[in-house]
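*Asks:* Start counting the sequence shown at 1; every next residue gets the next number (my numbering).
This is the structure, below, for whatever I ask next.
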Amino acid sequence: MSALHGAEDAYIALGANLGQPLETLRWAASQVARLGELHGVSQLYRTTPVGGPPRQPDYLNAALWLRTDLPPLELLSALHDIEARAGRERRERWEARVLDLDLIVYGNRVEVGPSLTLPHPRAWERAFVLAPLADLQSVMAHPLTGETVGEALARADQSGLWAERADWLPSS
């Protein structure tokens with residue numbers, strides 16, 4: 001897409017720990033890129049699972065910066081569609097998954113609703129979301145607290161988080 005009228009910056013967290021996570025994340029990034037203009041891709045991180053059932057494999061996590069003219073709920077719906085096409089089934093909270101796409105931030109929007117909460121309610125608490133976001137926009141501030149991504153990452157528990165690779169997404 002080119003020169004999107006009325007576009008907003010959206011930050012999307014990607015995670016996977018079942019099947020072929022790297023290939024799945026690469027495919028998912030290509031699908032997300034079709035929803036607007038991709039402006040940034042974080043490094044890839046390996047993380048131990050947080051919460052959920054025991055004995056899950058490690059996750060691969062990343063983040064994308066997308067400029068899109070889709071409204072937030074339409075973007076979230078498109079992300080859920082990508083998850084479903086990858087084979088994601090929602091059975092148990094924080095279970096292992098073939099793909100997880102979370103809309104973390106959409107412009108400066110603050111929303112609390114049954115289908116969508118912006119910014120993502122736990123994003124500023126989780127190193128596996130904050131580290132990839134910091135690669136893209138470490139000075140981005142939470143619209144309610146003013147705390148930057150970099151500040152939140154500095155106070156977050158980073159045990160179980162390793163930078164895996166910067167070149168995980170082949171250039172097109």
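We put the beta carbon where it would ideally sit given N, CA and C, even for glycine.
Expressed to the nearest angstrom, what Euclidean distance is found between the alpha-carbon atoms of Arg97 and Gln43?
*Replies:* Answer to the nearest angstrom: the Cα atoms are 20 Å apart.
*Asks:* Could you pull out every unbroken beta strand (DSSP E) segment of at least 3 residues lying fully inside the segment 53 to 104, listed in chain order?
*Replies:* The segment 53 to 104 contains these whole beta strand (DSSP E) runs: 59 to 68.
*Asks:* Run through the DSSP bridge pairs and tell me what Thr48 is partnered with.
*Replies:* In the DSSP output, where bridge partners are listed per residue, Thr48 has none listed.
*Asks:* Measure the beta-carbon distance from Leu133 to Ala63 and round it to whole angstroms, keeping in mind my assumption that it falls under 8 Å.
*Replies:* The pair is a contact, with the Cβ atoms about 5 Å apart (cut-off 8 Å).
*Asks:* Give every residue of the same chain whose Cβ lies closer than 8 Å to the Cβ of Arg184, excluding the five residues on either side of it in the sequence, and list them in chain order.
*Replies:* Any answer about residue 184 is impossible in this case: the structure gives the chain only from 1 up to 172.
*Asks:* Keeping to the same chain, check which residues put their C-beta closer than 7 Å to that of Ala7; ignore five residues upstream and five downstream.
*Replies:* If we look at Ala7 and ignore the five residues flanking it on each side, its Cβ neighbours are Gly36, Arg67, Thr68 and Asp69.
*Asks:* Can you give me the C-alpha to C-alpha distance between Gly19 and Ile82, rounded to a whole angstrom?
*Replies:* Distance between the alpha carbons of Gly19 and Ile82: 16 Å.
*Asks:* Please look up how many angstroms separate the CB atoms of Thr47 and Phe128, rounded, as I've assumed it's under 8 Å.
*Replies:* That belief holds up - the Cβ atoms of Thr47 and Phe128 are roughly 4 Å apart, short of 8 Å.
*Asks:* Could you give the first and the last residue of the continuous alpha helix (DSSP H) run that contains Gly150?
*Replies:* Where Gly150 is concerned, the enclosing alpha helix (DSSP H) stretches over Val149 to Arg155.
*Asks:* What's the C-alpha gap between Gln158 and Glu111?
*Replies:* Looking at the two C-alpha atoms, the distance is approximately 28 Å.
*Asks:* So Leu144 and Leu116 are supposed to be a Cβ contact under 8 Å. How far apart are they, rounded?
*Replies:* So it is not a contact: roughly 16 Å between Cβ atoms.
*Asks:* Drop a sphere of 10 angstroms on the beta-carbon of Gly15, count the other beta-carbons inside from all chains shown, and report buried for 16 or more, exposed for fewer.
*Replies:* Label assigned to Gly15: buried.
*Asks:* Taking C-beta to C-beta, are Leu130 and Leu103 nearer than 8 Å?
*Replies:* Not a contact, by the Cβ cut-off of 8 Å.
*Asks:* Can the beta-carbon of Leu136 be found closer than 8 Å to that of Tyr59?
*Replies:* Result no, Cβ atoms of Leu136 and Tyr59 do not sit closer than 8 Å.
*Asks:* Which residue comes first and which comes last in the beta strand (DSSP E) that contains Asp9?
*Replies:* Its beta strand (DSSP E) spans residues Glu8 to Ala16.
*Asks:* Under 8 Å by Cβ, that's how I've got Arg26 and Leu161 pegged, so tell me the actual separation to the nearest angstrom.
*Replies:* Going by Cβ atoms, the distance from Arg26 to Leu161 rounds to 21 Å, so no, they are not a contact pair.
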